[in-house]
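Below: the structure, in C-alpha cells.
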Amino acid sequence: MHRLPASARFPGTESRGARLCPDGAVRGGARGFTLVECLAALIILAIGLFGVFSIFVAGVATHKKGMDQTTAGTLGQKILAELEANLDDDYLKGLAALASKRNPGGSSSYKRRIELKGLTDPAAPDLYAYDLLLQPLDPRTREAYAVTLRVVWREGGEEQGAVFETIVLRKLER
Numbered sequence: 623m624h625r626l627p628a629s630a631r632f633p634g635t636e637s638r639g640a641r642l643c644p645d646g647a648v649r650g651g652a653r654g655f656t657l658v659e660c661l662a663a664l665i666i667l668a669i670g671l672f673g674v675f676s677i678f679v680a681g682v683a684t685h686k687k688g689m690d691q692t693t694a695g696t697l698g699q700k701i702l703a704e705l706e707a708n709l710d711d712d713y714l715k716g717l718a719a720l721a722s723k724r725n726p727g728g729s730s731s732y733k734r735r736i737e738l739k740g741l742t743d744p745a746a747p748d749l750y751a752y753d754l755l756l757q758p759l760d761p762r763t764r765e766a767y768a769v770t771l772r773v774v775w776r777e778g779g780e781e782q783g784a785v786f787e788t789i790v791l792r793k794l795e796r
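Just so we're aligned: the sequence shown equals residues 623 to 796 in our numbering.
This is the structure in C-alpha cells:
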C-alpha cells in the first residue's frame, strides 16, 4: 500500500516542520538539530580552529625570530660600544697577535670570533657568537677602521646572523 506524504494528506503543515507519527497523528515540529546540522557545525568549527591554530604557530615562530634579532641587535650595539671605548694600540696589538697566529701570511685586517653562552637564561643552551673584522681605512696611519660585526646564532640546524657595519676611530695616545 502506498502512502501519500504528510504534506499532501495534511495541507498547511509543510512549513512548520510537522512530523507524521507511527500512530498516524501529525504532531507539531520538534525543536532540535538534525545530525546533518550537527556535522555541518562541527566541520565549520574545525575549519575555524585550524585557522586560529595555524596563525598561532606562525606567530610563535615570528616571535622567536624577532627575539633572536633583538638580542643580536643589542649585542651588536654593546660590542661596538666596547670596541669604540677600547680601540687603542694595546687592543690592536692583541688583535694583530691573534690574527698572525691564524693567518701567518700577515694581513692588515683583524678578525676574531667569540662565543657567548647563556645570555637570555644561564641554564639555556642558547649560543650566540660574533665575528669582528677590522680593516684600516688608511694602512699607513691606521687611525680609522671599517668595522664589520656579524652576530650569529643557530636556529633549526642553520646558522642565522645579523651584520653591523660602521667606522671607528682609534684612540690616540696622550
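Cβ coordinates follow ideal geometry from the N, Cα and C atoms, glycine included.
As summarised for the segment 641-689, there are no continuous alpha helix (DSSP H) elements at least 4 residues long confined to that stretch. With contacts defined as CB atoms closer than 7 Å, residue 773 and residue 709 fail to qualify as a contacting pair.
7 Å or more divides the Cβ of residue 766 from the Cβ of residue 756. Under the 10 Å beta carbon count, residue 694 is surrounded by 16 or more other beta carbons and is classified as buried.
For residue 690, the number of other beta carbons within 10 angstroms of its own is at least 16, and it is reported as buried. Around the Cβ of residue 771, a 10 Å sphere holds 16 or more other Cβ atoms; the residue is buried. For residue 782, the closest of 769, 793, 750 by C-alpha to C-alpha distance is 750. When rounded, the separation of the alpha-carbon atoms in residue 644 and residue 671 is 42 Å.
If the five residues before and after residue 786 are omitted, its C-beta is found closer than 7 Å to the C-beta atoms of 698, 702, 771, all from its own chain and listed in chain order.
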